[in-house]
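Residue numbers (my numbering): 128 to 253.
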């Protein structure tokens with residue numbers, strides 16, 4: 128194996144590992160959004176209004192798309208985190224375990240940081 132092939136394989140592996148957390152997060156949000164869109168009359172929810180469920184599903188799809196696009200990753204991450212904060216509060220209100228939801232929220236921020244770490248650093252002025 129030549130040095131050029133080795134560098135190419137390392138770069139490919141690095142790119143896969145950078146995108147892996149984002150893909151895993153996407154596999155959580157997309158089915159959640161589709162569930163809200165395809166079955167808006169869910170029972171047992173704190174808000175049982177079909178219109179609210181459809182809006183939440185559309186919001187999740189838009190936020191996930193923005194999260195995956197490099198130039199809008201910060202907007203998408205902010206939207207997903209805002210949604211998950213409300214879900215954490217709802218879980219606490221209903222007395223359900225909220226630890227998993229908090230971990231998903233943290234994983235969303237972590238996945239965004241791995242892909243674009245420079246967005247999370249303050250610019251220092253001299």
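Glycine included, C-beta positions come from ideal geometry on N, C-alpha and C.
These numbers come from a predicted model, not from an experiment.
Check, Outcome
"Residue 246 vs residue 201 beta-carbon contact at 8 angstroms", "yes"
"Beta-carbon spacing of residue 228, residue 206 below 8 angstroms", "no"
"Exposed unless 16 or more other CB atoms sit within 10 angstroms - verdict on residue 203", "buried"
"Which listed residue (132, 214, 150) has its alpha carbon closest to that of residue 239", "150"
"Contact belief for residue 236 with residue 145 at Cβ below 8 angstroms, rounded distance in angstroms", "Not a contact, Cβ separation roughly 15 angstroms."
"Own chain, CB closer than 8 angstroms to residue 221, minus 5 neighbours either side, in chain order", "173"
"N- and C-terminal bounds of the alpha helix (DSSP H) containing residue 131", "130-165"
"Neighbour-count burial assignment, residue 129, 16 or more Cβ in a 10 Å radius", "exposed"
"Given residue 169 as reference, the closest of 139, 157, 184 once Cα atoms are compared", "184"
"Short Cβ contact (8 angstroms threshold) for residue 177 with residue 167", "yes"
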